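First up is the structure itself, then whatever we jot down about it.
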Amino acid sequence: MSSAPDEYSTISRPGTAELRVKGSRFFGFAQAVENEKEADQLRTALRRKYYDATHQPFAYRLATGQERSSDDGEPHGTSGRSILAEIQGADLYNDQIVVVRYFG
Numbered sequence: 001m002s003s004a005p006d007e008y009s010t011i012s013r014p015g016t017a018e019l020r021v022k023g024s025r026f027f028g029f030a031q032a033v034e035n036e037k038e039a040d041q042l043r044t045a046l047r048r049k050y051y052d053a054t055h056q057p058f059a060y061r062l063a064t065g066q067e068r069s070s071d072d073g074e075p076h077g078t079s080g081r082s083i084l085a086e087i088q089g090a091d092l093y094n095d096q097i098v099v100v101r102y103f104g
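The sequence shown maps to residues 1 to 104 in the numbering used here.
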């Protein structure tokens with residue numbers, strides 16, 4: 001767990017993306033979150049909407065210094081940590097990214 005600076009950057013509005021790779025379909029969702037509960041609620045809503053998805057890896061980073069990631073059944077260390085690394089690399093806080101994957 002890292003410590004956030006007094007001032008930090010976050011995304012200003014939710015964002016989405018769609019990508020197809022070798023028959024698999026990916027939907028990316030980025031959203032600002034204030035705490036773990038809000039992050040959990042967002043993931044729960046996405047699980048309900050995309051209930052038939054193969055995987056839903058995610059990562060979030062909070063201004064409190066809390067970070068969490070999950071591969072959600074993808075090979076260990078291939079998804080969640082990569083998502084978290086992107087958030088860290090952009091120096092963002094209070095953000096969550098979820099990738100919904102339909103295996104093709």
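Glycine residues also receive a C-beta, built at the ideal position from the N, C-alpha and C atoms.
The model shown is predicted, which means the values in this text are computed figures rather than measured ones.
| task | May I have the straight-line CA-CA distance separating residue 68 from residue 104, to the nearest angstrom? | result | 27 Å
| request: Give me the Cα-Cα distance between residue 82 and residue 22, rounded to the nearest whole angstrom. | output: 20 Å
| query | Going by other Cβ atoms of all chains shown within 10 Å of its Cβ, with 16 needed for buried, is residue 62 buried or exposed? | reply | Residue 62 counts as buried, since no fewer than 16 other beta carbons sit within 10 angstroms of its beta carbon.
| query | For residue 100, which of 20, 85 and 86 has the nearest alpha-carbon? | reply | Among 20, 85 and 86, the Cα nearest to that of residue 100 belongs to 20.
| In terms of residue numbering, what span does the alpha helix (DSSP H) encompassing residue 88 cover? | 80–89
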